[in-house]
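**Student:** Take the sequence shown: its position 28, counted from the start at 1, is 126 in our numbering, and no numbers get skipped. Submitted below is the structure of interest, expressed as structure tokens.
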Amino acid sequence: MADKNEYLKDPMWYVVHTYSGYENKVKTNIDKSIQNLHLEDQILDVQVPMQEVIEVKDGKKKAVQKKLFPGYVLLHMIMNDETWYVVRNTRGVTGFVGPESKPVPLTPEEMASMGIGMDGEGAAKDEPEQMILVDVEVGDTVSVVSGAWQDKEGIVKAVNTSRATVTIGIDMFGRETAVEISFLDIRKM
């Protein structure tokens, strides 16, 4: 805990580290503490930033919500002895992010670099690009289910998650040829 003189009077964004998988429980517990202790004017927002991810399994795509920062919870709060104590002693919280667990507020640049912006009311907004994940990796054999290479099989040579494609080796004219194919056009064998 820091000296009272070091605390900022304006609300800032802080990050706490949690046990893996406890992010939503920590958010719920902090929200309950805010209500029970009437800290609504000091702890303004508790966020577990999520992003929609398209997962592809067996050629079928499904939208799912994934944590943007697993193991972390963001708090928009006024740092003082009481708020520090409430957050730090919440079940599942391992500490504030900062040197020696001393709370250090995020800068606007850090917020922007994490893909989180601030709206007029100060709430965190996660607006990353939608991602597509696929359940294949280098070395897997896949079947092409649609497109120009339909009904061909190949071995995955590379996975490009940013482009949502895989490069597979397909046998053409007795030679293996590398072909880039969309996640949506393949199925793992």
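Here a beta-carbon is modelled for each residue, glycine too, at the ideal position from N, C-alpha and C.
Can you give, in chain order, each stretch of the beta strand (DSSP E) that sits fully within the stretch 134-193 and has at least 3 residues?
**Tutor:** 141-145, 148-155, 158-165, 170-175
**Student:** Would you mind giving the Cβ-Cβ distance between Val264 and Val243, rounded to the nearest angstrom? I have them listed as a contact below 8 Å.
**Tutor:** No, Val264 and Val243 are not in contact; Cβ-Cβ is about 13 Å, not under 8 Å.
**Student:** I'd like the span of the beta strand (DSSP E) that includes Val236, first residue to last.
**Tutor:** Unbroken run through Val236: none, as it is neither H nor E.
**Student:** Output the distance between the C-alpha atoms of Asp129 and Met287, rounded to the nearest integer angstrom.
**Tutor:** 46 Å
**Student:** Nearest-angstrom Cα distance between Lys123 and Pro147?
**Tutor:** 14 Å
**Student:** Can you check which of these residues, Glu198, Asn187, Ile268, is closest to Asn127 by C-alpha distance?
**Tutor:** Asn187
**Student:** Look at the Cβ atom of Thr181, then the Cβ atom of Leu142, and state whether they are nearer than 8 Å.
**Tutor:** no
**Student:** If we count the other Cβ atoms within 10 Å of its Cβ and call it buried at 16 or more, is Val236 buried or exposed?
**Tutor:** exposed
**Student:** Can you tell me whether DSSP reads Val124 as helix, strand or coil?
**Tutor:** helix
**Student:** Tell me whether Glu225 is buried or exposed, calling it buried when 16 or more other Cβ atoms sit within 10 Å of its Cβ.
**Tutor:** Here Glu225 scores only 44 on pLDDT, less than 50, and its place in the model is too uncertain to base an answer on.
**Student:** Look at the Cβ atom of Val254, then the Cβ atom of Ile266, and state whether they are nearer than 8 Å.
**Tutor:** yes
**Student:** DSSP state of Ala262, grouped into three classes?
**Tutor:** coil
**Student:** Closest to Gln298 by C-alpha separation, out of Ile152, Val202, Gly169, Leu172, would be which residue?
**Tutor:** In the structure displayed, the chain extends from 99 to 287; residue 298 sits before or after that span and is not available.
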